[in-house]
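Residue numbers (this note's numbering): 3 to 79.
Cβ atoms here follow ideal geometry from the backbone N, Cα and C, with glycine treated the same way.
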Amino acid sequence: MPHIKVQMWPGKSQQQKQQLADALSQCLQDVLGSSEASVSVAIEDIQPDDWGSVVYEPEIEGKPELLFKQPGYSKPV
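Below, the structure written as structure tokens:
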């Protein structure tokens with residue numbers, strides 16, 4: 003604990019994903035004082051056509067009280 007789950011459109015390389023995971027892990031260590039061993043990071047590619055039903059509706063629209071950073075876009079059509 004803690005665990006971070008990143009959902010994003012496909013197209014990023016494995017190297018980019020690893021760099022992101024490493025940076026997020028380091029951020030948790032720096033900001034929260036978490037140990038490196040306690041941090042886990044998952045990255046899930048979501049197809050653009052599925053973004054609304056898989057991410058936006060349930061995670062952004064459906065749980066606004068959990069969102070600390072709002073997206074700069076409206077609900078995908």
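Residue i: buried (16+ other C-beta within 10 angstroms of its C-beta) or exposed?
{"i": "V41", "result": "buried"}
{"i": "L34", "result": "exposed"}
{"i": "L69", "result": "exposed"}
Bridge partners for residue i per DSSP, in chain order?
{"i": "M3", "result": "DSSP output for M3 lists no bridge partner at all."}
{"i": "Q9", "result": "E46"}
Query - Those runs of the beta strand (DSSP E) which lie wholly inside the region 32-79 and span at least 3 residues - result: Runs of the beta strand (DSSP E) spanning 3 or more residues and lying entirely within the region 32-79 occur at 42-47, in chain order.
Query raised in the report: Any chance the region 31-51 sits against the region 6-18, with 3 or more Cβ pairs inside 8 Å?
Result: Counting C-beta pairs with one atom in each stretch, the region 31-51 and the region 6-18 have three or more that are closer than 8 Å, which means they touch.
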